[in-house]
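Below is one structure; the comments refer to it alone.
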Amino acid sequence: MTRRVVQIINQSLLGVKYRYNSIKMPRLPISCRLLVISDIIVPFIYSPHLRERFPNIGLLIGCGDLPYYYLEHIVSMMDVPLFFVRGNHDKLVEYGGAQNRNAPGGGSDLHRKVVNSGGILLAGVEGSLRYSNSTYQYSQFEMWEHVFRLVPGLLANRMRHGRFLDIFVTHAPPNGVHDKEDLPHRGIRAFRWLIQTFKPGYHFHGHIHNYRPEDAIETKLGPTRVINAYGYREMLIQIG
Ligand SMILES: [Fe+2]
């Protein structure tokens, strides 16, 4: 069934590309400095000097497995939009402190959503492959369902903005890029299909902990820069 849905979408895309390739969309280049965080608390980020350490950040992206209080600290210090997805270690409710949290205050959950933040087109999918009974774990088939849910928004982007997507945000990596052979860290086939079909400029993921300097943290998949955000990545992106 998944293969049939992919066929239908690919055929539809041919029509969308044919119809809209000839339209010249007015595209102003956008540059934005990103701070992308994932998987571990970085002491100098969880500090009152965060803003001095990272001046001129325009957008925050969380790739999962981070406490909600940590994300709240970052968004309150930086005072810019935060879009996040949850990882397999995130909790339905985070107990402790002054209040119990089920999401980071000030952040926007990107799971199964396509959003436009100041002209930057984002979409996201949470979680990893299912290997236990915890939340935020899915089968490969369920990941296909999450990705298919994004497709109408991506097509609407193409018609409105002349491109499908700028930044794809997930917790798990795509199949065959930065992933590992054990079930919890295996890559997601649907993510790879989305990247190869809709060609976002950037794909940020977490979940794969890099301990060795030789571990790849960035890989090109077609025109897409696939970046493991384990810890943090600060980067200036150019769109348009
Ligand atoms: Fe994870």
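According to this note's numbering, the sequence shown holds residues 2 to 241 in order.
Glycine included, each C-beta is placed from N, C-alpha and C at the ideal position.
Please list, in chain order, all residues of the same chain as S23 whose beta carbon is under 7 Å from its beta carbon, the five residues on each side excluded.
-> In this prediction, S23 scores a pLDDT of 47, lower than 50, which makes its location untrustworthy; the coordinate-derived value is nonetheless stated afterwards. Answer for S23: no residue qualifies.
Give me the Cα-Cα distance between D91 and P56, rounded to the nearest whole angstrom.
-> Put simply, the backbone Cα of D91 is about 28 Å away from that of P56.
Have a look at S77, V115, Y70 and M79 and flag the residue whose alpha-carbon is nearest the alpha-carbon of N101.
-> Of S77, V115, Y70 and M79, the residue nearest in Cα terms is Y70.
Name the one or two DSSP bridge partners that E1 has.
-> Only positions 2 to 241 of the chain appear in this structure, which leaves residue 1 out of reach.
Opposing strand residues paired with H206 [DSSP bridges] = H206 pairs with N229.
D110 - partner residues in DSSP beta bridges | Per DSSP, F85.
Which residues have their C-beta within less than 7 Å of a heavy atom of ligand 1, listed in chain order?
-> Counting only beta-carbon distances shorter than 7 Å to the non-hydrogen atoms of ligand 1, the qualifying residues in chain order are D40, G65, D66, G88, N89, H90, S129, H172, G207 and H208.
May I have the straight-line CA-CA distance separating F85 from D167, to the nearest angstrom?
-> For F85 and D167, the distance between alpha carbons rounds to 15 Å.
Specify the secondary structure class of Q141 as computed by DSSP and reduced to three states.
-> Correct three-state label for Q141: helix.
Quick one: is Q12 buried, meaning 16 or more other Cβ sit within 10 Å of its Cβ, or exposed?
-> Burial call: exposed.
Does any C-beta atom of chain D lie closer than 8 Å to the C-beta of P105?
-> The structure shown has no chain D; it contains just one protein chain.
At least three beta-carbon pairs within less than 8 Å, the segment 148-164 to the segment 102-115 | Yes, they touch.
Inspect the beta-carbon positions of R187 and L111 and report whether they are closer than 8 Å.
-> In this structure, R187 sits away from L111, with a CB-CB distance that is not shorter than 8 Å.
Nearest to I189 (by Cα), restricted to the options L93, R54 and F142 | Considering only L93, R54 and F142, the residue with the shortest C-alpha distance to I189 is F142.
If you compare alpha carbons, which of G119, F149, S77 and H74 is closest to R4?
-> Comparing Cα-Cα distances from R4 to each of G119, F149, S77 and H74, the minimum goes to F149.
Give the C-beta separation of V37 and F205 to the nearest angstrom, bearing in mind that I take them to be a contact with Cβ-Cβ under 8 Å.
-> Indeed they touch by this definition, with Cβ atoms about 5 Å apart.
Ordered along the chain, which non-local residues of its own chain (more than five positions away) have a Cβ less than 6 Å from that of A230?
-> If we look at A230 and ignore the five residues flanking it on each side, its Cβ neighbours are V37, S39, C64, F205 and G207.
Under the three-state reduction of DSSP, which class applies to G223: helix, strand or coil?
-> Coil.
For the putative contact between H162 and L122, defined by C-beta atoms under 8 Å, what is the C-beta separation to the nearest angstrom?
-> Right, the Cβ-Cβ distance comes to about 6 Å (below 8 Å), so this counts as a contact.
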